[in-house]
Every structure is written in structure tokens, then in C-alpha cells.
Amino acid sequence: MSGLKLVAERGQREVFCGLTGIIWLHRKIQDAFFLVVGSRTCAHLIQSAAGVMIFAEPRFATAIIDERDLAGMADMNDELDRVVTRLLERRPDIKLLFLVGSCPSEVIKLDLSRAAARLSSSFSPNVRVLNYSGSGIETTFTQGEDACLASLVPGLPPEPANAAPSLLVVGALAEVVEDQFRRLLADMGIDRVRFLPPQRAGDMPPVGPNTRVLLAQPFLAETARALEERGAVRLAAPFPLGVEGTTLWLKAAANAFGVAPARFEAVTAAAQDRARRGLARHRGLLADKRVFFFPDSQLEIPLARFLSRELSMELIEVGTPYLHRQHLDAELALLPGGTRITEGQHVDNQLDRCREAGPDIVVCGLGLANPLEAEGFTTKWSIELLFTPIQGYEQVADLAELFARPLVRRARLVA
Ligand code: SF4
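First residue of the sequence shown? That's 143 in the working numbering, and the numbers climb one at a time after it.
Here it is in C-alpha cells:
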């Protein structure tokens, strides 16, 4: 980590809350349902973040806490039981129900873990009910996924101590990305590979001392800790963004499973080559462009590493809401010396620094993007990086394009 300028900032934040994660998680675990226990604001946030995705049978909803509940005039637990019973009677396809806490449920100190245990015993074995918090008091944006996955860990089946080693890839990935990784790993001879979250509630991966964990996302501190408590061993690696990140990530698995270097090379060479050629199309436009990251998704550091090392972009500041030193160690080692990393946020000070630096592109949350665009900055919404498949070799060019597109659009507007 030598030569990096690490600065911690405290102040007003402009970051989404953890409820946002429901937008990609509900598509991932296909028989799960997310019931937010929150206010109309929470319902509105999810609806607008979900945008145009309208489902005939949606897999998330909000149980609204109204004034009577807030004033303690109604028993929220009775109401919650009624809402859940109605939902599960109407929707036998739901096998896993998450009660998702919010700011209002925390303010009235509604004990969702007790509610989840009570409801789980009523609806077992057909439905499991779990809970986690997505509130803006406790979580930012991607920490919602961490809290959700961490809530699954205690219920994962145990893997016997004498089981053959298996690989557990942790973090929601697009199906197409999972398939590509599964194929590459199988070609190397690693075929005991499982994913968390699984696509179906009935396919929860077993975990035990012979489980090797490869994090696919950099924001899974709690989940990793819970898996380690179950005996699993985390493999240290950068994250699978860009050719370099993907290669080192796969290499960490290959080394742990004793894959010979020649075999690793033979399996990955063609995909690496294709990905490098895909990147070349964007390098002309992106090289030497100056980028400023506001803290939002916790993907900032791996993205900064990719943009600087594979596309020769210049990093002005890399903001991250939270910096997990251990999980990001391999990433930090790859950043150019002198990179300023800001952990936490004082949004006004950061905006001042951004304006003064005048970057070519700003990566930030939706709340900051519109005002910055109005001031003439080119922005990239970090939320798009969660909705778009960006991990792995076949997605490298798409990832670069996500940064090239706003620059092309701005150039057209100016022309
Ligand atoms: Fe707002 Fe809190 Fe609800 Fe998130 S959980 S939408 S921050 S009230």
C-alpha cells in the first residue's frame, strides 16, 4: 500500500441506503421475496430504483409502517404476521422470505429477527423467513447485499470435515458471468464450484473447513466474516474486473486447487487475448482522461485499478464509503503510488475538490450526478455498475464502454 494517500473523511453523505440491493438481489434468488418493513419513502425509493422493471408477480414489496404504528397505537407484529400470511397464501412460489429492516423499523425498535424466527416456525418447512437491515442508518447501498448474504450463512448446510475441497464464489453475479466462470474453472479441473447467493433457495451451498471462498464483490465484509466463522477459508485476490483482475482472481483459485501454471495459461489464454483486443477499441478515447470517484458502491478501488492500469486513465481521487483493508489489500497494492483514497465522505469538501480538479469524468451516485451534469461535468452513475454484468473476461470491453459512453455523449453535445 506504499505511496497511497489514505484520508478518512466524516461529514454529510450522499449515498443510497442498503434497500437498493433488493433491485438486483430479487432477480438473483428466483424464489425469494423481499418484504421491506418501512415507510412510503422506502417504497418510493425501491420503485424508482427499479425503474421500468414491472413484474406481473413482483418479488419485492413494502409493508408500510404508518402513523398509528409509529405512535405505538397498533401492534406491528400482529400486522406483520397478517401481511406475511396473506402474501404466502397468495404466492406459493415463494420459498425464502426476507424481512428487510429500514430506518422507520429501527426507529420504532421493531425486532425483525424475532418476527422472522416466529414466522419461520409457522411456515416451515415450505418457507424460510430471514431478516436483515437495509436502513440508511446502518447501511450504504451495496452493504444491503452484504447484510442479505450474511443472513443466509448460519442456515447453510454443514459440509463434512473430510469432504473434498470446494470453491464458493460469493457475491451476486449475472447468470451469464457465473456460467463463464464455472466453465473456465471446470476446464482447469476445479469442478466442485458453488455460488452464494444460489439461484434457488433450495440450492444453498454447504460450508465447512474445506470450503475455499473467493469473493466476487468487494463489499462483503460481514458475509466473509460469517463464512470464516463456519470454518471456510478466504482466498486473497483482487476482484474479477478487467483482464488483470479476472486473471489474478482465477489464479488465486487455481493456486489453491493445485492447477499447474501451464494448464491455467492454456485455459485462459484465448479469453485473455479476446478481452485485450476488446479493450483496445476504447483505449484511444479513455487514455489520459482524468477520473474522480465519489464514494458509493465500494467498487471504486477495483474500478480505479482497472481504469488506471488497463486503460491508462489518471486517478484524481478514489472515494469509497468504507475501506476493508484486508479484502482490498491485493487491489491497493496495484494502484499507482500517490493515489488519493478517501474513506467516508464530507460531500461539500469533496465537491469543492472535484470542481477544482475539473475531471473529465466523475463516477458518483444518482443524487450527485444530475447537479454535476448541470455544472458541465460528465458523470457515470455507479449504480449501473451493479446492474450490468461487468465481471470476467467476456465483459471487459463492456466495462470500458460504460466509461467511454458518457464521454462520447458529452462530446456530441458540445459539438
Ligand atoms: Fe430512506 Fe431509510 Fe427508507 Fe432507505 S431505509 S429509503 S434511507 S427511510
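Glycine included, every Cβ here is placed at the ideal spot set by N, Cα and C. Note that the structure is predicted; figures quoted are calculated from it, not measured.
(1) Can you list, in chain order, the residues of its chain with a C-beta nearer than 7 angstroms to that of residue 187? Leave out the 5 residues immediately preceding and following it.
(2) Alpha carbon to alpha carbon, what distance is there between residue 298 and residue 176?
(3) Please determine whether the Cβ atom of residue 463 lies at a distance below 7 angstroms from any heavy atom of ligand 1.
(4) Near residue 194, what residues of its chain come up, given a Cβ to Cβ distance below 8 angstroms and the 5 sequence neighbours on each side ignored?
(5) To which residues does DSSP link residue 274 through a beta bridge?
(6) Check whether the Cβ of residue 246 lies closer than 7 angstroms to any heavy atom of ligand 1, and answer yes or no.
(7) Where do the ends of the beta strand (DSSP E) carrying residue 180 lie?
(8) Relative to ligand 1, is the shortest distance from any of its heavy atoms to the C-beta of residue 277 smaller than 7 angstroms?
(9) Does the segment 355-368 come within contact of the segment 293-313, defined as at least 3 CB pairs closer than 8 angstroms?
(10) Assign residue 264 to one of two classes, buried (16 or more other C-beta atoms within 10 Å of its C-beta) or exposed (fewer than that).
(11) Using only the alpha-carbon positions, how far apart do residue 335 and residue 435 sit?
(12) State the DSSP-derived secondary structure class of residue 532, mapped to helix, strand or coil.
(13) Please classify residue 408 as buried or exposed, where buried requires at least 16 other C-beta atoms within 10 Å of its C-beta.
(14) Is residue 153 helix, strand or coil by DSSP?
(15) Return yes when the C-beta of residue 161 is under 7 angstroms from any heavy atom of ligand 1, and no when it is not.
(16) Keeping to the same chain, check which residues put their C-beta closer than 8 angstroms to that of residue 390; ignore five residues upstream and five downstream.
(17) Ligand 1 heavy atoms versus the CB of residue 183: any closer than 7 angstroms?
(18) Is the closest heavy atom of ligand 1 to the C-beta of residue 428 under 7 angstroms?
(19) Report whether the distance from the Cβ of residue 486 to the nearest heavy atom of ligand 1 is below 7 angstroms.
(20) Taking the straight line between their C-alpha atoms, what separation do you get for residue 226 and residue 165?
(21) Does the Cβ of residue 180 lie closer than 7 angstroms to at least one heavy atom of ligand 1?
(22) Ligand 1 and residue 362: does any heavy atom of the ligand fall closer than 7 angstroms to the residue's C-beta?
(23) Could you give the DSSP three-state label for residue 353: helix, strand or coil?
(24) If you check the beta carbons only, do residue 451 and residue 421 fall under 8 angstroms apart?
(25) Can you tell me which of 424, 487 and 440 puts its alpha carbon nearest to the alpha carbon of residue 548?
(26) Compare the beta carbon distance of residue 155 and residue 487 with 8 angstroms and say whether it is the shorter of the two.
(27) Give a single yes or no on whether residue 187 has its beta carbon closer than 7 angstroms to a heavy atom of ligand 1.
(28) Secondary structure at residue 393, three-state DSSP: helix, strand or coil?
(29) Do the segment 319-333 and the segment 383-398 meet, that is, are 3 or more Cβ pairs less than 8 angstroms apart?
(30) Suppose you measure from the CA of residue 171 to the CA of residue 343; what does that come to, to the nearest Å?
(31) Under the three-state reduction of DSSP, which class applies to residue 158: helix, strand or coil?
(32) Rounded to whole angstroms, what is the Cα-Cα separation between residue 482 and residue 458?
(33) Could you tell me which uninterrupted beta strand (DSSP E) segments, each at least 3 residues in length, are contained entirely in the segment 464-490, listed from first to last along the chain?
(34) Report the rounded CA-to-CA distance for residue 200 versus residue 402, giving the unit in angstroms.
(35) Just tell me which of 204, 411 and 349 has its CA closest to the CA of residue 306.
(36) Rounded to the nearest angstrom, what separates residue 513 and residue 493 at their Cα positions?
Per the coordinate set shown:
(1) 161
(2) 19 angstroms
(3) no
(4) Confidence at residue 194 is low in this model, with a pLDDT of 47, below 50, so the placement of that residue should be treated as unreliable; the coordinate-derived value is given next. So the list is empty, once near-sequence residues are dropped.
(5) 242
(6) yes
(7) 174-180
(8) yes
(9) yes
(10) exposed
(11) 34 angstroms
(12) coil
(13) exposed
(14) coil
(15) yes
(16) 379, 380 and 472
(17) yes
(18) no
(19) no
(20) 20 angstroms
(21) yes
(22) no
(23) strand
(24) no
(25) 424
(26) yes
(27) yes
(28) helix
(29) yes
(30) 7 angstroms
(31) coil
(32) 7 angstroms
(33) 482-486
(34) 46 angstroms
(35) 349
(36) 11 angstroms
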